[in-house]
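The structure appears right after this line, and notes come after that.
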Amino acid sequence: MQNQARSTTEDLTTTSASPTAADRVKLETDPGMPSTTWRMRSDAWEYLLFAVKRLVHSPNPQEAYAADTELHRSLRALETIELYWAGCGQEYVRSIRQQLETGEHKAALDRIARVVTRQRGDQPSTESPDDVSDESERLMIADDNDPRPRFEVLVVDEMSAEERETMRKDVHRMRSAADAFVYDFVIVPSAEDAIAAVLTNPNILACVVRPGFSDKTRQPLSKDLLETIELASSSIQSWTAPRSKLAHIQRVVGLADTLARLRPELDLYLMAGAHIEDLARFLTRRFRRVFRREDRFELHLSLLRRVSHLYDTPFFTAIQDHARRPVGVFHALPIARGGSVVTSKWIRDLVDFYGLNLLLAETSATSGGLDSLLAPVHTLKKAQDLAARAYGAKHTFFVTNGTSTANKIVHQALTGPGDIVMVDRNCHKSHHHSLVLTGAKPAYLEAYPLDEFAFYGAVPLSSIKELLLQYRAAGRLDEVRMITLTNCTFDGIVYDPERVMEECLAIKPDLVFLWDEAWFAFATFHPITRRRTAMAAAKSLEARLSSSEHESAYHEQQKRLFNEDGTPVSDDVWLEERLIPAPDAKIRVYATQSTHKTLTALRQGSMIHVYDAEWKRDAEDPFHEAYMTHTSTSPNYQILASLDIGRRQVELEGFALVQRQLDLATSLTHSIARHPLLRRTFKVLTATELIPHEFRGAGRPLPHRDGLAAMWNAWEHAEFVVDPSRITIEISRTGIDGDTFKHDYLMDRYGIQINKTSRNTVLFMTNIGTTRSAIAYLLEVLVKVAERIEENVDRDAIAVVDPKDLPPLPDFSEFSTEFTDDPSLPDGDMRSAFFRGQKRTEVDYVMPNELSDRVAAGGLPVSAGFVTPYPPGFPVLVPGQVITRDVLDFMAVLDTREIHGFDAARGYRIFKESTAALEGTAALENAAPDSKSRSFDPQEDHPRLPRKK
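Here our numbering is used: the first residue of the sequence shown is 267, the next is one more, and so on.
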């Protein structure tokens, strides 16, 4: 994108006043406005307040003003930033600068304080509109005194200062006391400014496009922001929707498509002066409505009505109404209406702690608007439909038992006995339990190991394709029903779902995909992370499959993939090419999300999102049966209400919250890397350490720290990326293991709560509730811990954990031959093994040392149950799996305090030697020496499975 017509900082400075002492202040070259400004904007206004207060009380204010370079730097930054935010605007900042130049410091201070008070939002304004003479200031004070929720509307058009002022006054004139909300205009002149505004100002909820806008910005924007604008503009594909051939319509459509891709929650309107009937033919799919310029009041009503739809929380409102309604309770739940609590002498502290509303909202009734979760038709049905809209799904279902239950629902709905499910072995244990319940056979996929940090990454696409092609070669591809992957992983490794699905569908066009997004619900609400969510990927892939360009590319590739006789060419060709699915491939995608983990919801509040082309024909009835099977008939209404109101939050301020979360996480990593002591003690693991080179491409180690454009490129092209909100710290140089560091140093001493550790790492997760103060406190604690380690221990004598001393992470070995029909392929009958393992007569308990001796002697003991360290919650052993030395070595040094399925007093539960183990040994002795056979290392005294890389 060319940069002509963009002004320099000097251009902006000289327009505000004639040269003075302040103009001669030498500042560094203006880097331009960055791609995220919420923190810079807040800090700049706060610093102005501090600095100008000092000027007011200074004996020589003009000298102090001229010498304060930070003050001038803040004014310079705000003069650009405020174009993209409502409230004051560039003219307001210039007037403050002019007052400071002429010595009107008290007047400037009053103006600055007015903005800071509005930004803090924690105290009402004490000013009255009658106290000032300037009309624009009177309007600002009136706004500050208005308690109603406020949003901002972007207007894109070239306007004079008089036109902008008139438009802002019209907003106040049209306001009514009956309006539930108020809004302000952000008026920008160009398409580039519009894109900059929606990228940097999350308060914008609607956009009005008027065809008179120009193309280029005249503001000094940073290189990163300009590159991001270019990426956003060029990312709109030709298959989004048909476009007019008329140039003036194309530019409007192009801008609308770009804004909608960046912020799909935005409401778009077109306001034109002529031929709106013709425009409507091309623009209906992009804009909610097309208005003539004089229809400002209709636009005003439309803006308010749309936000009221986002604000609507049907089930939460019904709960509130129920709590206020006088009723007689003649059903279950003595606690309902507080009946068994408020009159008690002994448990009154329950209502004192939680509040009476919690008890008033408790009921087992499904009447009066509360609806039934098992058969919703009113408020719950509407709440779920609104959630589907927010998350880009075709259907959404609330789950009150967490994502463990959500996963079981999807598995039961879509798979059955004999189906093969290709599943990441390191997925959450609920997937493995689901396979036991349904009778589907798991074919485990191996993620790449990160042995030096004692956890796994993600499953390479090449491994998934290779296994699909093996099933095709064996004539069993029709048995493969579903692929299940975790996106993102506990440690923050993020797949490219669209690419995974398109290449897998090219091999089997009716595959179903289940993406476990337990840790990724927030990603829907950021322009870059959204594209790697299951629902966004499904929508994008569906649109692409319907395009003529895709159909042509598909037929061209088929010529390379198949011989003239219709047989497929070598698998090597299929693995090397980026496969293109058939235009009639079925998009069948499900995502399960632990909403409570990353967004606002009470514990166990989860959702299932559906984007399934075969929903009506193949999935709806079995899904509802599965939902009935696993959903309680007494669901927690408070969890449901929190899911409803949490949806309202993400639609109205999700971008603001996620943008802040990612920025704060990046500031944490940056601060650790820059602090001499922290850098010497801890190491932030980046993409360089967490993703092998062949899967991350040429991207930077911390793309988000380098700017939005770098992050955009990485998330657009790399096979795997790292979620920047999750910071893994390697602590080997402390000489302390992860579990001890978590409990003894962070939690017990300083109250820092974290979830996951490994032998030599700890994971810090930011979320939408993380604050700047919380980041500052964590940094303070890390410094104290590092100082304590340095003071008490000779650093040269620290026993640094050498990654080479850690046992390698164990791959899935194999199912015992007793539980598989085809030893050449990895699937096994885990259900039979599980239920057989429940019979006491079939199993023994063996302590780790004895089991190691058996393995060393050549035995092949078989696990009779799951063994699952928690966290992270994936099983090291599953029923029917052959136990190897790798597994035992790994378990021997595991520092997790909670291991499900392992009894420290009795040991491992295995099948008795007379059954599975002996048959497995016999099979080993008779096995042919092929690529699937076990290899024997002359340095070892027991057989060992070949390690997959």
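For glycine and all other residues, C-beta sits at the position ideal for the given N, C-alpha and C. Just so you know, these numbers come straight off a predicted model, no measurement behind them.
- In this structure, LEU1012 sits away from ASN1021, with a CB-CB distance that is not shorter than 8 angstroms.
- When DSSP states are grouped into helix, strand and coil, ARG742 belongs to the coil group.
- Nearest C-alpha to GLU815 among ILE846, THR799, PHE828: ILE846.
- Residue environment analysis places ASP450 among the buried positions, since at least 16 neighbouring C-beta atoms fall within 10 angstroms of its C-beta.
- By the neighbour-count criterion, in which 16 or more other beta carbons inside 10 Å mark a residue as buried, ASP831 falls on the exposed side.
- One Cα belongs to ALA787, the other to ASP717, and the distance between them is close to 28 angstroms.
- The beta carbon of GLU917 sits closer than 6 angstroms to those of GLU531, LEU576, ALA656, all from its chain and outside the five residues before and after it, given in chain order.
- Closest by C-alpha distance to LEU337, out of ARG945, GLY1173, VAL322, PHE316, is PHE316.
- Close CB contacts of MET977 within its chain, under the 8 angstroms cut and outside five residues either way in sequence, are with ILE794, PRO969, HIS970, PRO990 (chain order).
- Nearest in C-alpha terms to LEU777, of all of GLU817, ILE853, GLN824, ASP757, is ILE853.
- A straight line joining the alpha-carbon of ASN1058 with that of LEU943 spans about 15 angstroms.
- CA-to-CA, the gap between GLY1004 and MET1031 works out to about 15 angstroms.
- In terms of Cα proximity to MET1113, the closest of PRO1127, LYS1105, GLY1103 is PRO1127.
- A check of alpha carbon separations from THR755 across ARG765, GLU768, GLN736, ARG691 identifies ARG691 as the nearest.
- Between the beta-carbon of GLY741 and that of ALA706 there is about 19 angstroms, and that puts the pair past the 8 angstroms contact cut.
- Going by DSSP, SER872 is part of the beta strand (DSSP E) stretching over 872 to 878.
- Here ILE905 is actually not in contact with GLN859; their C-beta atoms are around 14 angstroms apart, not less than 8 angstroms.
- Setting aside the 5 residues that flank it on each side, ALA330 is surrounded in the same chain by ARG320, LEU321, SER324, each with a C-beta closer than 8 angstroms to its C-beta; the list follows chain order.
- Close CB contacts of SER1098 within its chain, under the 8 angstroms cut and outside five residues either way in sequence, are with PHE1085, GLY1146 (chain order).
- Boundaries around ALA538 are those of the beta strand (DSSP E), 533 to 538, since no alpha helix (DSSP H) includes it.
- Counting every other CB atom within 10 Å of its CB across the protein chains shown gives TYR620 a total below 16, marking it as exposed.
- Counting along the chain, the unbroken alpha helix (DSSP H) around ALA679 starts and ends at 668 to 680.
- Along the length of the region 1126 to 1164, whole alpha helix (DSSP H) runs at least 4 residues long occupy 1151 to 1158, reported in chain order.
- Following the DSSP letters along the chain, one finds HIS890 inside the alpha helix (DSSP H) bounded by residues 886 to 896.
- Here the region 1105 to 1124 does not lie against the region 718 to 733, with fewer than 3 beta-carbon pairs under 8 angstroms apart.
- For the set PHE1078, GLU764, ILE1149, the Cα lying nearest the Cα of GLU982 is the one of GLU764.
- For CYS473, the enclosing beta strand (DSSP E) starts and ends at 470 to 475.
- An exposed status is given to SER500, since fewer than 16 other beta-carbon atoms sit within 10 Å of its beta-carbon.
- With contacts defined as CB atoms closer than 8 angstroms, TYR535 and SER574 fail to qualify as a contacting pair.
- The beta-carbon distance between GLU880 and LEU951, rounded to whole angstroms, is 41 angstroms. This is too long to meet the 8 angstroms contact definition.
- By the Cβ neighbour-count rule, ASN829 is exposed, with fewer than 16 other Cβ atoms within 10 Å of its own.
- Selection LYS1178, SER1039, THR1006 evaluated against GLN1104 yields LYS1178 as nearest (Cα-Cα).
- From the listed residues HIS697, MET688, SER696, LEU701, the smallest Cα separation to GLU712 is found for MET688.
- When the beta-carbon positions are compared, ASP1093 and ILE686 come within less than 8 angstroms of each other.
- Distances from the alpha-carbon of ILE407 to those of PRO1135, VAL381, VAL464, TYR893 put VAL381 closest.
- Taking 8 angstroms as the upper bound for CB-CB distance, ASP296 and ARG360 are not in contact here, some 16 angstroms apart.
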